[in-house]
Each structure stands twice: as structure tokens, then as C-alpha cells.
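Chemist: For the sequence shown, the positions run 11 to 90 when my numbering is used.
Supplied in C-alpha cells, the structure appears directly below.
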Amino acid sequence: MIDRGKVDICLRDPGFEIDLYIAVDLATLTGVWLGDISLDQAIRRQALELQGPHPLRRQFQDWLQLSMFDQVARETRDTA
């Protein structure tokens, strides 16, 4: 929920109409927030879906407020 510039995740329905639906798993959202994957890449890969009016979908990235570490290069771990 965004109200007067303050963002909050609601654990209970606050009773307002929903303007924008976001379907994403936690790993993908964390990756976007940390800058490991761009929002556009997540959408293209269909790992993140936004449903709602086009202006709100466009503004979503501005609302997300990426981590202060989003520009920090991190080593990738080889899982093989």
C-alpha cells in the first residue's frame, strides 16, 4: 500500500480497492530489489507480472526503491 509517499506491505486487507496486482516469487523480487536482475528482465522472463492500468505499471519501478546495494557487484557462486 502506498499512501502519501509511504510504502507498506499489509498483512491484512486494509479494505481499499486494489489498483495494481503484482505476481512474483520472493527470490525474483529480492533479485530485482538487490539489482541482480532488472525489472524488465523479470517481466520478460514472466517471473514477475504486473496487472493494472498502464500508468501504474510504468510507475512501479519508481515505487520499489531499490536497495542501496543494488549497484554493488557480487560474486556468483557456481552450484555445479
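Think of the CB as a built atom: it goes at the ideal place given N, C-alpha and C, for glycine as much as any other residue.
Measuring CB to CB, does E93 end up less than 8 Å from A33?
Modeler: One cannot answer for residue 93 here, as it falls past the ends of the chain, which runs 11 to 90.
Chemist: In terms of residues, what are the limits of the alpha helix (DSSP H) holding Q69?
Modeler: H64 to L74 is the extent of the alpha helix (DSSP H) around Q69.
Chemist: How big is the Cα-Cα spacing for D46 and S77?
Modeler: Each residue's alpha carbon lies about 11 Å from the other.
Chemist: Can you tell me the Cα-Cα spacing of L66 and I12, whole angstroms?
Modeler: Roughly 12 Å separates the two Cα atoms.
Chemist: I need the straight-line Cα distance from D72 to P24, nearest angstrom please.
Modeler: Taking the straight line joining both Cα atoms gives about 23 Å.
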